[in-house]
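Asker: Residues in the sequence shown are numbered from 1 upward in steps of one, following UniProt numbering.
Note that CB positions come from ideal geometry on N, CA and C, so glycine has one too.
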Amino acid sequence: MSKETSYDSYDEYKLKKLISELEAKEGRGTELISLYIPPQRAISDVVRDLREEASTASNIKSKSTRKNVMDAIESILQKLKLFKEPPPNGLVIFCGAIPHGAPGNEKMEIHVLEPPEPINIYLYRCDSKFVVEPLKELLREKEVYGIIVMDRSEATFALLSGRSINILDTITSGIPGKHHAGGQSARRFQRIIEQVAHEFYVRIGEYASKYFLNKEIKGIIIGGPGPNKNEFYEGNYLHYELQKKVLGLVDVGYTGEEGVRELINRATDLLQKSKLAHEKQIFNKLMETMVKDPQKVAIGKKEVLEKLDRAEILILSEEANDLRITYECPNCHERVVSDSENDSKTVACPKCGTPMLIEQKESLVDYLAETLKKRGKVVEFMSTKTEEGEQLKNSFGGYAAILSD
Ligand SMILES: [Zn+2]
């Protein structure tokens, strides 16, 4: 809880990965236990409930399922002894016998984790799969922003949640856009146009209520070319609850989807806390350093690995999935570490030429992140949901670092 930044992309990445691993596991019977303990729940209550579950489980007909369930409950009770009370965000435990090949080869696994935000449910479930949905729900980005990009002829509504943009709707007024309106005739109808614009602003307000009111929206940003957005904002066309949430007005050159994307690019100040902005900032810092001081950046897997000792900020793509494989020679015990996308090629021992065996296989990204974390350095993960994230993945192979002098 002493963490200075509330957002740690590496923690989030690790949790996402664990969730997808847990999701893939399946018990031989109904014997995988998921336990969610909210922060307010007394551990003694949980222990009492688990003992009750254990006595119910003693009636299970299948001998192996009965044994596995009771063993799992016992393992959980052992773990709970380490806690006087639940941690500030509560506690989530997954425990069960996971099959490895033939029946009888199950291995008891237990995962104890403290969620990134307080969990509000108390749940005990014994099933053939682990229950991970409540954790996923927590990860679903909490910060949602409402976006309106508008002028007199068109308005587009969108939601920005975490890093993804969801275009909701576009409405039009019938007033031609700037590039269509022209000359004398348009001027003659000025007053009518003012009236139609007013009615359009009212409609924009109604649509905004439909999409943004009573939703968990952190803020609203209004963008558009020219002064129409100011007219709209200053005219109080938005429901007062939404009006309060307006973070700012942003000038953009376009309306429609293109305008929404442009707005998000320009509104980084307003969205500083959102993850999208966070990714953009990291990437911009990398690019700035590259321009000012090319010696201080490493780009691509090879260079990052070579200069890892000097890395201050490691920037990794969530989509980078190289492996780090340690080979050992069965003859002379020489060891070789290789970083490659797969383990299909045979590696000959550099000393005696014997084909080497794989001793250890891990994710390269995990290895790098752990190494840097241990040194107290910064590790940033980028999605591929932003242009910057795409660029990291496609142009830099998913690996970059900002180095010390
Ligand atoms: Zn050898």
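Return the chain-ordered ranges of every alpha helix (DSSP H) run that is complete within the UniProt domain "eRF1/Pelota-like N-terminal" (5-140) and spans a minimum of 4 residues.
Answerer: 9-24, 43-57, 63-80, 133-139
Asker: Out of 32, 242, 265, point me to the one whose CA is closest to residue 204's CA.
Answerer: Along the sequence shown, read from residue 1 onward, the residue named residue 204 stands at position 204. For residue 204, the nearest C-alpha among the options comes from 242.
Asker: Pick out the complete alpha helix (DSSP H) segments inside the stretch 332-375, 4 residues or longer, and give them in chain order.
Answerer: 364-374
Asker: Leaving out the 5 sequence neighbours to the left and right, which residues in its chain are closer than 8 Å to residue 38 when beta-carbon positions are compared?
Answerer: On the sequence shown, residue 38 is found 38 positions in, with the first residue counted as 1. For residue 38, where only same-chain residues beyond five positions count, the Cβ hits under 8 Å are 86, 90, 118, 119, 120, 121, 122.
Asker: When you compare the CB positions of residue 222 and residue 233, do they come within less than 8 Å of one another, or not?
Answerer: Walking along the sequence shown from the start, residue 222 turns up at place 222. Walking along the sequence shown from the start, residue 233 turns up at place 233. Yes, these two residues count as a Cβ contact at 8 Å.
Asker: Using the beta carbon as the reference atom, which residues fall closer than 6 Å to any heavy atom of ligand 1, ordered along the chain?
Answerer: 329, 331, 332, 334, 349, 351, 352, 354
Asker: Give the single residue among 176, 16, 29, 191 whose Cα lies nearest to the Cα of residue 135.
Answerer: Reading the sequence shown from its first residue, position 135 is the one you call residue 135. The shortest Cα separation from residue 135 among 176, 16, 29, 191 belongs to 16.
Asker: What span of residues does the beta strand (DSSP E) with residue 325 cover, start to end?
Answerer: Position 325 of the sequence shown, counted from the first residue, corresponds to residue 325. In the DSSP assignment, residue 325 falls within the beta strand (DSSP E) that extends over 323-328.
Asker: Sort 65, 50, 40, 94 by Cα distance to residue 21 and report the nearest one.
Answerer: Looking up residue 21 in the sequence shown gives position 21. When only C-alpha atoms are compared, the closest one is 94.
Asker: Tell me which residues share the same chain as residue 77 and place their Cβ nearer than 7 Å to its Cβ, disregarding the 5 neighbours each side in the sequence.
Answerer: Reading the sequence shown from its first residue, position 77 is the one you call residue 77. Contacts found: 47, 50.
Asker: Excluding the five sequence neighbours on either side, which residues of its own chain have a C-beta within less than 7 Å of the C-beta of residue 54, listed in chain order?
Answerer: Residue 54 sits at position 54 when you count from the first residue of the sequence shown. The residues are 70, 73.
Asker: Under a Cβ-count criterion, where at least 16 other Cβ atoms within 10 Å of its own Cβ denotes burial, should residue 346 be classed as buried or exposed?
Answerer: Numbered from its first residue, the sequence shown carries residue 346 at position 346. Residue 346 is exposed by the Cβ-count criterion.
Asker: For a minimum of 4 consecutive residues, which ranges assigned as the alpha helix (DSSP H) are wholly contained in the stretch 191-274?
Answerer: With a minimum length of 4 residues, the continuous alpha helix (DSSP H) runs that stay inside the stretch 191-274 are 228-234, 240-243, 256-266.
Asker: Cβ of residue 248 within 8 Å of Cβ of residue 397?
Answerer: Here residue 248 refers to the residue found at position 248 of the sequence shown. Here residue 397 refers to the residue found at position 397 of the sequence shown. Result no, Cβ atoms of residue 248 and residue 397 do not sit closer than 8 Å.
Asker: Measure the CB-CB distance between residue 218 and residue 144 and report whether it falls below 8 Å.
Answerer: For the purposes of this step, residue 218 is taken as residue 218 along the sequence shown, with counting starting at 1. For the purposes of this step, residue 144 is taken as residue 144 along the sequence shown, with counting starting at 1. Yes, the Cβ-Cβ distance between residue 218 and residue 144 is below 8 Å.
Asker: Mapping DSSP to helix, strand and coil, what is residue 157?
Answerer: Here residue 157 refers to the residue found at position 157 of the sequence shown. Reduced to three states, the DSSP call for residue 157 is strand.
Asker: Under 8 Å Cβ to Cβ from residue 179, same chain only, skipping five residues before and after it: list those, please.
Answerer: Within the sequence shown, residue 179 is the residue found at index 179, counting from 1. At residue 179 the pLDDT is 49, less than 50, meaning the model places this residue with poor confidence; the figure from the coordinates comes in the next sentence. Cβ neighbours of residue 179 beyond the five flanking positions: none.
Asker: Tell whether a beta-carbon distance below 8 Å holds between residue 368 and residue 314.
Answerer: To locate residue 368, count along the sequence shown from 1; it is residue 368. To locate residue 314, count along the sequence shown from 1; it is residue 314. Against a cut-off of 8 Å, the Cβ pair of residue 314 and residue 368 comes out as a contact.
Asker: On the premise that residue 280 lies in contact with residue 289, defined as a C-beta separation below 8 Å, what is that separation, rounded to the nearest angstrom?
Answerer: As a working note, residue 289 is residue 289 in the sequence shown. As a working note, residue 280 is residue 280 in the sequence shown. Wrong, their Cβ atoms sit about 15 Å apart, outside the cutoff.
Asker: In this structure, does DSSP put residue 289 in helix, strand or coil?
Answerer: Counted from its first residue, the sequence shown places residue 289 at position 289. Looking at residue 289 - three-state DSSP - the assignment turns out to be helix.
Asker: Could you please give me the residues that DSSP links to residue 172 through a beta bridge?
Answerer: Working through the sequence shown from its first residue, we reach residue 172 at position 172. Paired residue(s): 154.
Asker: Given a cut-off of 8 Å on the beta-carbon distance, is the pair residue 125 and residue 132 in contact?
Answerer: Translated into the one-based positions of the sequence shown, residue 125 becomes position 125. Translated into the one-based positions of the sequence shown, residue 132 becomes position 132. In terms of Cβ geometry, residue 125 and residue 132 do not form a close pair [threshold 8 Å].
Asker: Measuring alpha carbon to alpha carbon, tell me which residue in 365, 366, 335, 364 is nearest residue 351.
Answerer: Sequence index remark: in the sequence shown, residue 351 carries index 351 (1-based). Nearest of 365, 366, 335, 364 to residue 351, Cα basis: 335.
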